[in-house]
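Asks: In this note's numbering, the protein residues as written are 356 to 1294. Quick one: this structure, given as structure tokens, is what I'll be asking you about.
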């Protein structure tokens, strides 16, 4: 108990961001001093529930010692299942509440808001029914009879001693009238959990008698020095002009000018009365990421945030953002000259080379020898010897599914943020992790109704924590923008919402929307940068021979084409036909069904060949076609001469158009083939000959018929207008998106019946998504003083970034993930033969993997880098069950047991020497060129 309290004092002073401390402090009459004392005291008393018969009876030898002192108790066996009614957290909560009422005159209605931090320190705040049940079994707290008074005396003396030792005795009277806001209750609970975990680590605080040879102060100093947590970031508000700031942070070329939307976002952040939510809507390629990071600096300095979380839609986009985040941190005052914790937050982060380098610097957690602590100061000059100078580290203690988000700077998937709205165990830790940061949400248009149910609830809590948030999108439907603002700001926002809607109705773009918690929205319409693209839009029949013929003509003078299909099956079918026509070397395939290491290699190859001028050193000189799925529409800075796309929702089509003539290549695009100097998009995946366009089945399965038809309807004037009615980017972006997602009629009158039928199906699906998402969604922020009892009741248990965890906050079928290896003719197993060496030149391809012994860490990691998520065919219950049954026939205890962290509990898919196999009635074929191809009808 004393160790936990001492740790709490250091955590408060040295690790908690000032924003978190301030939020707790403002609820207490004595401000920061009261808040620190409260945190230390709650950490100190959190285990008082262990001073009960229900807990003490578990070890007979120790229980006998207590019985000898008159503290009677039945044996654990005699207590039976009733003992589970008194877990020590709940018992401690009840004892503390009784003590506050009896010793300090608190009313029962005031105790729970404080004692819940004790009751919830194992991750789940107690429910009212559990509290009632324990009160009905008082014998679990104190053995009835003559011993009862002695038990009560011991419990009271312990709590009296804690109040005296931790200096709160004379403050409890004032605290008894406080109404503690629920966000403060959550943060205090999380703080107790963190301090309990640190103080319970035997590597830091050795058990008796090993730790008895030094004083309490020496013991604490050695532990804290061994833990070596990096300090939080203390942001310095930038005073430079926008041009100077962007040049310093992002290395702008000498002749480059900051974009108007970037300058306007920075100015708006500086003009806001206090940090809040800012939504930045601007065209693709306008530097929204850099604008968000500049705004983040201002918001962090003014709010006291100690870090940043950058949330992205996928692991691939998270990986792409991570080095950009590191580059920014390398130029950031207060970071570049200091030691700060950084994390990449998704389930396969350990396979990311940039993150692996940071983990290597993170060291290990263990108490230092007491002699290493300098005698002149309890925290010692020994820090100099142990700390690596000015560096970013993936700190060893700040790893694992429940602690990783506590690092100061994190890039990761949006799931990590949505988990903060999911009723789950240790949810308070997730809230602590974001409460001290600025949160940036990228690609906000990419999230569906199911995910938005969680996102809106998370935003309401972020607003209550006063967490600054920056939302990025090419553009948002007006209704969605309004929902984001209302969720964050809370309260009556009618004037603000009107202003937001007015901006949408005028088609204003780019658009900045800002609001502080409880405030009124401000809407700005900065100038466009002057960068514009005119895109000719043409319908194209959905026949592969028609596509091949058209591309043969378009590429007569060379050029690079991007063909985007809505399903992997269509990608592979298209690539096969185009290779027959243009040759294998002229066609590249990119989609999500590649093993992880091949997928990363694909992304790097696309950037190398089709990236910005000056970086695309291998850009094809002749003709080349990339056939890709939706992986091409997010966060890849690639540039093509011609675009062919399946019909998709209009905001996503605009994202795809952002890969078309993205960069200037010579005066008037003179460096592009003459035929392709005007940007054009050929729209296919539709039967255009029907009275009402009929999208292909695969697209309907992915996006729904209603969204596709409304997209086609708003695009119809451009499709029919030809060269006289091109899509003007960026000026048409908002008009198209608001039209497609608005409630007004679109398209010809004779489309109305088909649209109405599709709308009915859409409304049913959306209502079903919202209803299912709400089942495990966290409740709203309660009124001040209302205890967190039942806060995560009827929740999902543990939530993490596993396959099952992600399915809880995304409306997706459960999927199978496997590790792909190759079985040679002699029966031995090996890593896939084409894998390239790692950054140190070590060979990864064709490594033999012994089946009877644990693979070396390097071999196991090489194998694990070949993780693959099987496609939708394997997500149906019967097929999945059969696939799992077949995969489990290859069970290698040395691999899949606990001895190999990289391969533990993984399913192994072994391909033959031709890289083929059968699974659940399907035929699987894999190649580094095309990824996974699945044929057959299954079981």
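Just so it is clear, CB atoms sit at the ideal spot from N, CA and C, and this is done for glycine as well. Just so you know, these numbers come straight off a predicted model, no measurement behind them.
Please state the DSSP three-state secondary structure of residue 893.
Replies: Residue 893: strand per DSSP, three-state reduction.
Asks: Specify the secondary structure class of residue 545 as computed by DSSP and reduced to three states.
Replies: In the structure shown, residue 545 sits in a helix (DSSP, three-state: H, G or I).
Asks: Let me know the secondary structure DSSP gives residue 1359 once reduced to three states.
Replies: This structure cannot speak to residue 1359, because the chain is shown only from 356 to 1294.
Asks: Which residues in the same chain have their Cβ closer than 7 Å to the Cβ of residue 1024, if we skip the five residues on either side of it in sequence?
Replies: Only 1016 and 1032 meet the Cβ criterion.
Asks: Which whole-angstrom value describes the C-beta separation of residue 554 and residue 359, a residue pair presumed to lie in contact below a C-beta threshold of 8 Å?
Replies: The pair is a contact, with the Cβ atoms about 4 Å apart (cut-off 8 Å).
Asks: For the candidate residues 547, 1203 and 590, whose alpha-carbon lies nearest to that of residue 478?
Replies: Nearest C-alpha to residue 478: 547.
Asks: Under DSSP, the alpha helix (DSSP H) around residue 924 begins and ends at which residues?
Replies: Where residue 924 is concerned, the enclosing alpha helix (DSSP H) stretches over 923–937.
Asks: What's the gap between the Cα of residue 584 and the Cα of residue 538?
Replies: Rounded to whole angstroms, residue 584 to residue 538 spans 24 Å at the Cα level.
Asks: Any idea which residues DSSP pairs residue 1203 with across the strands?
Replies: Answer is 1185.
Asks: How is the alpha helix (DSSP H) around residue 517 delimited, first residue to last?
Replies: 501–520 is the span of the alpha helix (DSSP H), which, as asked, contains residue 517.
Asks: Thinking C-beta only, is residue 438 closer than 9 Å to residue 406?
Replies: Cβ distance not < 9 Å, so residue 406 and residue 438 don't count as in contact.
Asks: Does residue 864 come out as helix, strand or coil in the three-state DSSP assignment?
Replies: Correct three-state label for residue 864: coil.
Asks: Between 1097, 464, 875 and 1285, which has its C-alpha nearest residue 925's C-alpha?
Replies: Cα-wise, what sits closest to residue 925 is 1285.
Asks: Take residue 1145 as the anchor and find which of 637, 451, 1252 and 487 has the nearest alpha-carbon.
Replies: The shortest C-alpha separation from residue 1145 is found at 487.
Asks: Could you say which of 871, 820 and 800 lies nearest to residue 836 if we only look at CA atoms?
Replies: That would be 800, whose Cα lies nearest to the Cα of residue 836.
Asks: Could you tell me which of 779, 777, 792 and 780 sits nearest to residue 760, measuring between CA atoms?
Replies: Of 779, 777, 792 and 780, the residue nearest in Cα terms is 792.
Asks: Near residue 658, which residues of its chain fall below 6 Å by C-beta distance, leaving aside the five closest residues on each side in sequence?
Replies: Closer than 6 Å at the Cβ level, and outside the excluded window around residue 658, lie 374, 630 and 823.
Asks: To which residues of the same chain is residue 1239 closer than 8 Å at the C-beta, ignoring the five residues directly before and after it?
Replies: Around residue 1239: 1171 and 1262.
Asks: Tell me, please, which residues DSSP counts as bridged to residue 766.
Replies: BP columns for residue 766 point to 665 and 699.
Asks: At a cut of 8 Å, does the region 674–694 reach the region 388–404 through at least three beta carbon pairs?
Replies: Touching, no.
Asks: Pick helix, strand or coil for residue 823, following the three-state DSSP scheme.
Replies: Looking at residue 823 - three-state DSSP - the assignment turns out to be coil, as it is neither helix nor strand.
Asks: Apart from the five residues just before and just after residue 893, which ones in its own chain have a Cβ nearer than 6 Å to its Cβ?
Replies: Closer than 6 Å at the Cβ level, and outside the excluded window around residue 893, lie 1037.
Asks: Do residue 897 and residue 1005 have their C-beta atoms closer together than 9 Å?
Replies: No; because the gap between Cβ atoms is not below 9 Å, this pair is not in contact.
Asks: Indicate whether residue 1224 and residue 806 have their beta-carbon atoms separated by less than 9 Å.
Replies: Cβ distance not < 9 Å, so residue 1224 and residue 806 don't count as in contact.
Asks: Are the CB atoms of residue 1288 and residue 899 within a distance shorter than 9 Å?
Replies: No, they are not a contact pair.
Asks: CA-CA distance, residue 916 and residue 1048?
Replies: About 25 Å.
Asks: Tell whether a beta-carbon distance below 9 Å holds between residue 1039 and residue 839.
Replies: For residue 1039 and residue 839, no; Cβs fall outside 9 Å.
Asks: Among all the DSSP beta bridges, which residues are the ones paired with residue 1281?
Replies: Answer by DSSP bridge pairing, in chain order: 1287.
Asks: Return helix, strand or coil for residue 731, following the three-state DSSP convention.
Replies: A caution first: residue 731 carries a pLDDT of 39, below 50, which makes its placement in the model too unreliable to give a value.
Asks: Assign residue 470 to one of two classes, buried (16 or more other C-beta atoms within 10 Å of its C-beta) or exposed (fewer than that).
Replies: Counting Cβ neighbours within 10 Å, residue 470 comes out buried, since at least 16 surround it.
Asks: Looking only at C-alpha atoms, which of 1212, 1267, 398 and 1277 sits nearest to residue 705?
Replies: Among 1212, 1267, 398 and 1277, the Cα nearest to that of residue 705 belongs to 1212.
Asks: Name the two residues that bound the continuous beta strand (DSSP E) containing residue 944.
Replies: First-last of the beta strand (DSSP E) with residue 944: 942–945.
Asks: Nearest-angstrom Cα distance between residue 730 and residue 573?
Replies: Only weak support is given to the placement of residue 730: the predicted model assigns it a pLDDT of 39, under 50, and the question is left unresolved by the model.
Asks: If you draw a straight line from the C-alpha of residue 676 to the C-alpha of residue 766, how long is it?
Replies: Near 7 Å, if we compare the C-alpha coordinates of residue 766 and residue 676.
Asks: Considering only the beta carbon of each residue, do residue 809 and residue 1121 sit closer than 9 Å?
Replies: Result no, Cβ atoms of residue 809 and residue 1121 do not sit closer than 9 Å.
Asks: Counting along the chain, where does the beta strand (DSSP E) carrying residue 914 start and finish?
Replies: Where residue 914 is concerned, the enclosing beta strand (DSSP E) stretches over 914–919.
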